[in-house]
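First comes the structure, then the notes that go with it.
In the working numbering, the protein residues as written are 596 to 867.
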(Lines of atoms letter the chains of each structure in order from A and count residues from 1; the text may use other names and numbers.)
(Lines give C-alpha, C1' and ligand atoms only; values in the text may rest on other atoms or scores of the structure.)
Protein backbone atom coordinates (compact mmCIF):
# COMPACT_ATOMS: atom_id res chain seq x y z
CA UNK A 1 0.00 0.00 0.00
CA UNK A 2 1.44 3.37 -0.99
CA UNK A 3 2.31 5.64 1.91
CA UNK A 4 0.60 8.91 2.76
CA UNK A 5 3.62 10.83 1.50
CA UNK A 6 3.62 8.95 -1.80
CA UNK A 7 -0.09 9.58 -2.31
CA UNK A 8 0.09 13.27 -1.45
CA UNK A 9 3.04 13.78 -3.78
CA UNK A 10 1.22 11.93 -6.57
CA UNK A 11 -1.92 14.04 -6.14
CA UNK A 12 0.07 17.26 -6.49
CA UNK A 13 2.26 15.95 -9.32
CA UNK A 14 -0.73 14.94 -11.43
CA UNK A 15 -2.36 18.30 -10.74
CA UNK A 16 0.76 20.07 -11.99
CA UNK A 17 0.92 17.93 -15.12
CA UNK A 18 -2.71 18.82 -15.87
CA UNK A 19 -2.07 22.50 -15.11
CA UNK A 20 -4.72 22.51 -12.41
CA UNK A 21 -5.20 25.96 -10.86
CA UNK A 22 -5.32 24.84 -7.20
CA UNK A 23 -5.54 21.71 -5.07
CA UNK A 24 -7.08 21.21 -1.63
CA UNK A 25 -7.64 18.30 0.73
CA UNK A 26 -10.84 17.91 2.75
CA UNK A 27 -12.62 15.17 4.68
CA UNK A 28 -11.12 13.12 7.48
CA UNK A 29 -7.51 13.75 6.46
CA UNK A 30 -8.06 17.47 6.96
CA UNK A 31 -9.67 17.01 10.39
CA UNK A 32 -7.65 17.01 13.58
CA UNK A 33 -9.94 14.58 15.45
CA UNK A 34 -10.28 11.96 12.74
CA UNK A 35 -9.26 8.36 13.26
CA UNK A 36 -6.05 7.68 11.39
CA UNK A 37 -6.11 4.34 9.62
CA UNK A 38 -5.73 2.68 6.22
CA UNK A 39 -9.36 3.31 5.30
CA UNK A 40 -9.11 7.10 5.27
CA UNK A 41 -10.00 8.50 1.86
CA UNK A 42 -8.06 11.23 0.12
CA UNK A 43 -10.85 13.74 -0.44
CA UNK A 44 -9.25 16.03 -3.03
CA UNK A 45 -10.49 18.91 -5.13
CA UNK A 46 -8.84 20.11 -8.33
CA UNK A 47 -9.82 23.69 -9.15
CA UNK A 48 -9.74 23.91 -12.92
CA UNK A 49 -9.91 26.62 -15.57
CA UNK A 50 -11.63 24.56 -18.23
CA UNK A 51 -13.52 21.54 -16.94
CA UNK A 52 -14.47 20.23 -20.38
CA UNK A 53 -10.83 19.82 -21.39
CA UNK A 54 -10.36 17.25 -18.63
CA UNK A 55 -13.70 15.54 -19.27
CA UNK A 56 -13.01 14.95 -22.96
CA UNK A 57 -10.39 12.32 -22.20
CA UNK A 58 -10.32 10.78 -18.74
CA UNK A 59 -7.34 8.51 -19.40
CA UNK A 60 -5.27 10.76 -17.09
CA UNK A 61 -7.10 9.17 -14.15
CA UNK A 62 -5.03 6.02 -14.76
CA UNK A 63 -2.00 7.91 -13.44
CA UNK A 64 -3.37 7.54 -9.92
CA UNK A 65 -2.95 3.76 -10.02
CA UNK A 66 -4.70 0.51 -10.88
CA UNK A 67 -8.37 1.03 -10.13
CA UNK A 68 -10.28 -1.78 -8.39
CA UNK A 69 -13.66 -0.04 -8.70
CA UNK A 70 -14.79 3.51 -9.40
CA UNK A 71 -17.87 5.70 -9.49
CA UNK A 72 -18.51 8.94 -11.36
CA UNK A 73 -21.03 11.48 -10.07
CA UNK A 74 -22.29 14.95 -10.94
CA UNK A 75 -22.96 17.35 -8.05
CA UNK A 76 -24.20 20.78 -9.10
CA UNK A 77 -21.40 22.16 -11.32
CA UNK A 78 -18.77 19.68 -10.11
CA UNK A 79 -17.67 16.25 -11.28
CA UNK A 80 -16.71 13.58 -8.77
CA UNK A 81 -14.47 10.60 -9.48
CA UNK A 82 -14.40 8.09 -6.63
CA UNK A 83 -11.61 5.57 -7.04
CA UNK A 84 -10.60 2.57 -4.92
CA UNK A 85 -7.20 1.28 -5.98
CA UNK A 86 -5.84 -2.24 -5.92
CA UNK A 87 -3.36 -1.32 -3.17
CA UNK A 88 -6.22 -0.26 -0.85
CA UNK A 89 -5.86 3.50 -1.20
CA UNK A 90 -8.91 5.52 -2.19
CA UNK A 91 -9.19 8.96 -3.74
CA UNK A 92 -12.44 10.90 -3.97
CA UNK A 93 -11.50 13.47 -6.58
CA UNK A 94 -13.65 16.50 -7.31
CA UNK A 95 -13.15 18.61 -10.41
CA UNK A 96 -14.47 22.08 -9.67
CA UNK A 97 -14.59 25.03 -12.08
CA UNK A 98 -12.63 28.02 -10.81
CA UNK A 99 -15.72 30.21 -10.69
CA UNK A 100 -17.48 27.66 -8.46
CA UNK A 101 -14.99 27.47 -5.59
CA UNK A 102 -17.52 28.80 -3.10
CA UNK A 103 -19.89 25.99 -4.05
CA UNK A 104 -17.25 23.44 -3.08
CA UNK A 105 -16.18 25.29 0.09
CA UNK A 106 -19.80 25.39 1.26
CA UNK A 107 -20.01 21.61 0.95
CA UNK A 108 -16.99 20.95 3.17
CA UNK A 109 -16.53 21.17 6.93
CA UNK A 110 -12.81 21.86 6.70
CA UNK A 111 -10.02 21.76 4.15
CA UNK A 112 -6.28 22.18 3.75
CA UNK A 113 -4.75 23.82 0.68
CA UNK A 114 -2.05 21.72 -1.01
CA UNK A 115 -1.28 23.91 -4.01
CA UNK A 116 -2.53 27.38 -4.84
CA UNK A 117 0.03 29.49 -6.70
CA UNK A 118 -2.55 32.14 -7.62
CA UNK A 119 -4.14 32.41 -4.19
CA UNK A 120 -7.56 31.28 -5.37
CA UNK A 121 -8.46 30.00 -1.89
CA UNK A 122 -7.25 33.11 -0.06
CA UNK A 123 -10.71 34.66 0.25
CA UNK A 124 -12.48 31.45 1.19
CA UNK A 125 -12.72 30.27 4.75
CA UNK A 126 -13.43 26.62 5.65
CA UNK A 127 -16.33 25.92 8.01
CA UNK A 128 -14.98 23.49 10.64
CA UNK A 129 -18.14 24.08 12.71
CA UNK A 130 -20.34 22.34 10.14
CA UNK A 131 -20.85 19.34 12.42
CA UNK A 132 -20.75 21.21 15.71
CA UNK A 133 -23.74 20.99 17.99
CA UNK A 134 -24.94 23.72 20.32
CA UNK A 135 -27.52 23.40 23.10
CA UNK A 136 -31.02 23.33 21.58
CA UNK A 137 -33.68 25.97 21.68
CA UNK A 138 -36.94 24.89 23.25
CA UNK A 139 -38.55 24.88 19.81
CA UNK A 140 -35.83 22.57 18.42
CA UNK A 141 -36.22 20.24 21.37
CA UNK A 142 -40.01 20.13 21.01
CA UNK A 143 -39.73 19.43 17.27
CA UNK A 144 -37.32 16.55 17.89
CA UNK A 145 -39.62 14.97 20.48
CA UNK A 146 -42.63 15.37 18.22
CA UNK A 147 -40.77 13.77 15.31
CA UNK A 148 -39.68 10.82 17.45
CA UNK A 149 -43.11 10.00 18.81
CA UNK A 150 -44.92 10.66 15.53
CA UNK A 151 -42.63 8.36 13.53
CA UNK A 152 -42.95 5.72 16.25
CA UNK A 153 -46.44 5.04 14.91
CA UNK A 154 -44.91 4.14 11.54
CA UNK A 155 -42.59 1.64 13.23
CA UNK A 156 -45.57 0.04 15.00
CA UNK A 157 -47.41 -0.29 11.68
CA UNK A 158 -44.39 -1.83 9.96
CA UNK A 159 -43.78 -4.36 12.74
CA UNK A 160 -47.44 -5.44 12.67
CA UNK A 161 -47.19 -5.90 8.91
CA UNK A 162 -43.89 -7.80 9.17
CA UNK A 163 -42.22 -5.21 6.94
CA UNK A 164 -38.63 -5.50 8.13
CA UNK A 165 -37.03 -2.99 5.78
CA UNK A 166 -39.74 -0.36 6.30
CA UNK A 167 -39.56 -0.81 10.08
CA UNK A 168 -35.77 -0.63 10.13
CA UNK A 169 -35.72 2.45 7.90
CA UNK A 170 -38.02 4.39 10.22
CA UNK A 171 -36.55 3.10 13.47
CA UNK A 172 -32.88 3.68 12.67
CA UNK A 173 -33.22 6.31 9.96
CA UNK A 174 -35.51 8.61 11.93
CA UNK A 175 -36.29 7.62 15.53
CA UNK A 176 -32.78 6.64 16.53
CA UNK A 177 -31.39 9.68 14.72
CA UNK A 178 -33.59 11.84 16.95
CA UNK A 179 -32.24 9.93 19.94
CA UNK A 180 -28.68 10.65 18.79
CA UNK A 181 -29.63 14.31 18.42
CA UNK A 182 -30.90 14.41 22.01
CA UNK A 183 -27.71 12.73 23.23
CA UNK A 184 -25.67 15.32 21.34
CA UNK A 185 -27.70 18.09 22.95
CA UNK A 186 -27.04 16.45 26.31
CA UNK A 187 -23.31 16.79 25.70
CA UNK A 188 -23.71 20.37 24.48
CA UNK A 189 -25.75 21.29 27.55
CA UNK A 190 -22.74 20.35 29.69
CA UNK A 191 -19.87 21.51 27.47
CA UNK A 192 -21.29 24.20 25.20
CA UNK A 193 -20.85 23.88 21.44
CA UNK A 194 -19.05 20.64 20.56
CA UNK A 195 -17.78 18.91 17.42
CA UNK A 196 -19.74 15.67 17.11
CA UNK A 197 -18.50 14.90 13.59
CA UNK A 198 -20.37 13.67 10.55
CA UNK A 199 -23.06 11.09 11.41
CA UNK A 200 -22.34 11.60 15.14
CA UNK A 201 -19.02 9.75 14.83
CA UNK A 202 -17.40 11.62 17.75
CA UNK A 203 -20.51 11.73 19.96
CA UNK A 204 -19.66 8.86 22.26
CA UNK A 205 -16.19 10.24 22.94
CA UNK A 206 -18.00 12.71 25.20
CA UNK A 207 -20.25 10.16 26.93
CA UNK A 208 -19.61 7.31 29.38
CA UNK A 209 -18.64 3.99 27.80
CA UNK A 210 -21.79 2.32 29.10
CA UNK A 211 -23.91 4.82 27.16
CA UNK A 212 -22.30 3.77 23.89
CA UNK A 213 -22.93 0.13 24.78
CA UNK A 214 -26.55 0.97 25.57
CA UNK A 215 -27.05 2.61 22.19
CA UNK A 216 -25.12 -0.08 20.33
CA UNK A 217 -27.46 -2.70 21.80
CA UNK A 218 -30.29 -1.01 19.90
CA UNK A 219 -28.70 -1.69 16.53
CA UNK A 220 -29.52 -5.40 16.15
CA UNK A 221 -32.26 -5.07 13.54
CA UNK A 222 -31.80 -8.42 11.83
CA UNK A 223 -35.40 -9.62 12.22
CA UNK A 224 -38.85 -8.26 13.04
CA UNK A 225 -38.46 -9.67 16.55
CA UNK A 226 -35.14 -7.86 17.02
CA UNK A 227 -36.59 -4.65 15.57
CA UNK A 228 -39.47 -4.88 18.02
CA UNK A 229 -37.10 -5.34 20.96
CA UNK A 230 -34.96 -2.45 19.79
CA UNK A 231 -38.03 -0.27 19.28
CA UNK A 232 -39.27 -0.64 22.85
CA UNK A 233 -35.76 -0.07 24.24
CA UNK A 234 -35.35 2.98 21.99
CA UNK A 235 -38.61 4.51 23.20
CA UNK A 236 -37.64 3.94 26.83
CA UNK A 237 -34.20 5.46 26.35
CA UNK A 238 -35.49 8.44 24.38
CA UNK A 239 -38.10 9.16 27.05
CA UNK A 240 -35.46 9.00 29.77
CA UNK A 241 -32.94 11.19 27.97
CA UNK A 242 -35.54 13.71 26.79
CA UNK A 243 -36.90 14.10 30.32
CA UNK A 244 -33.40 14.59 31.68
CA UNK A 245 -32.48 17.17 29.03
CA UNK A 246 -35.75 19.06 29.49
CA UNK A 247 -35.17 19.29 33.21
CA UNK A 248 -31.61 20.51 32.73
CA UNK A 249 -32.59 23.10 30.11
CA UNK A 250 -35.78 24.22 31.81
CA UNK A 251 -37.92 23.04 28.88
CA UNK A 252 -41.39 21.56 28.83
CA UNK A 253 -41.53 17.90 27.90
CA UNK A 254 -44.86 16.36 26.93
CA UNK A 255 -44.67 13.25 29.07
CA UNK A 256 -48.33 12.54 28.38
CA UNK A 257 -47.67 12.05 24.67
CA UNK A 258 -44.69 9.81 25.43
CA UNK A 259 -46.74 7.59 27.74
CA UNK A 260 -49.62 7.42 25.27
CA UNK A 261 -47.34 6.40 22.41
CA UNK A 262 -45.56 3.74 24.48
CA UNK A 263 -48.93 2.40 25.58
CA UNK A 264 -50.16 2.45 21.99
CA UNK A 265 -47.11 0.44 20.91
CA UNK A 266 -47.62 -2.07 23.72
CA UNK A 267 -51.27 -2.56 22.81
CA UNK A 268 -50.66 -2.97 19.08
CA UNK A 269 -47.65 -5.24 19.42
CA UNK A 270 -48.41 -7.21 22.57
CA UNK A 271 -49.53 -10.30 20.67
CA UNK A 272 -47.18 -9.88 17.71
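In this text, a Cβ means the ideal position worked out from N, Cα and C, and glycines have one as well.
Cα-Cα separation, residue i to residue j
i, j, result
"residue 828", "residue 813", "7 Å"
"residue 823", "residue 789", "33 Å"
"residue 757", "residue 749", "12 Å"
"residue 659", "residue 801", "38 Å"
"residue 606", "residue 679", "14 Å"
"residue 816", "residue 664", "29 Å"
"residue 826", "residue 818", "12 Å"
"residue 873", "residue 820", "Nothing can be reported for residue 873, as the shown portion of the chain is limited to 596 through 867."
"residue 614", "residue 601", "20 Å"
"residue 720", "residue 711", "14 Å"
"residue 764", "residue 612", "46 Å"
"residue 944", "residue 703", "The structure shown does not extend to residue 944, since the chain is modelled only from 596 to 867, so the question has no answer here."
"residue 728", "residue 866", "41 Å"
"residue 744", "residue 809", "20 Å"
"residue 652", "residue 833", "53 Å"
"residue 705", "residue 699", "11 Å"
"residue 837", "residue 805", "18 Å"
"residue 677", "residue 844", "44 Å"
Simplified DSSP assignment, three categories, for residue i
i, result
"residue 665", "strand"
"residue 631", "coil"
"residue 710", "strand"
"residue 728", "strand"
"residue 810", "helix"
"residue 829", "helix"
"residue 679", "strand"
"residue 777", "helix"
"residue 600", "helix"
"residue 816", "coil"
"residue 637", "strand"
"residue 689", "strand"
Residue i versus the options, residue with shortest Cα-Cα distance
i, options, result
"residue 691", "856, 637, 649", "649"
"residue 736", "614, 848, 617", "848"
"residue 807", "779, 793, 826", "779"
"residue 811", "684, 767, 840, 792", "767"
"residue 831", "631, 677, 740, 857", "857"
"residue 786", "710, 609, 635, 731", "731"
"residue 862", "743, 740, 754", "754"
"residue 536", "655, 651, 696, 653", "Nothing can be reported for residue 536: it is not among the residues displayed for the chain, which extend from 596 to 867."
"residue 694", "718, 710, 781", "718"
"residue 644", "622, 765, 673", "673"
"residue 701", "860, 859, 622", "622"
Burial state of residue i (16 or more Cβ within 10 Å)
i, result
"residue 851", "exposed"
"residue 640", "buried"
"residue 803", "exposed"
"residue 854", "exposed"
"residue 773", "buried"
"residue 792", "buried"
"residue 840", "buried"
"residue 835", "exposed"
"residue 667", "exposed"
"residue 654", "exposed"
"residue 608", "exposed"
Test item: CB-CB of residue i and residue j under 8 Å
i, j, result
"residue 599", "residue 620", "no"
"residue 760", "residue 746", "no"
"residue 775", "residue 797", "no"
"residue 642", "residue 625", "no"
"residue 657", "residue 675", "no"
"residue 864", "residue 708", "no"
"residue 596", "residue 714", "no"
"residue 661", "residue 681", "yes"
"residue 846", "residue 733", "yes"
"residue 739", "residue 777", "yes"
Cβ-heavy atom distance, residue i to the ligand COA, below 7 Å
i, result
"residue 638", "The ligand COA is absent from the structure shown, which contains no ligands of any kind."
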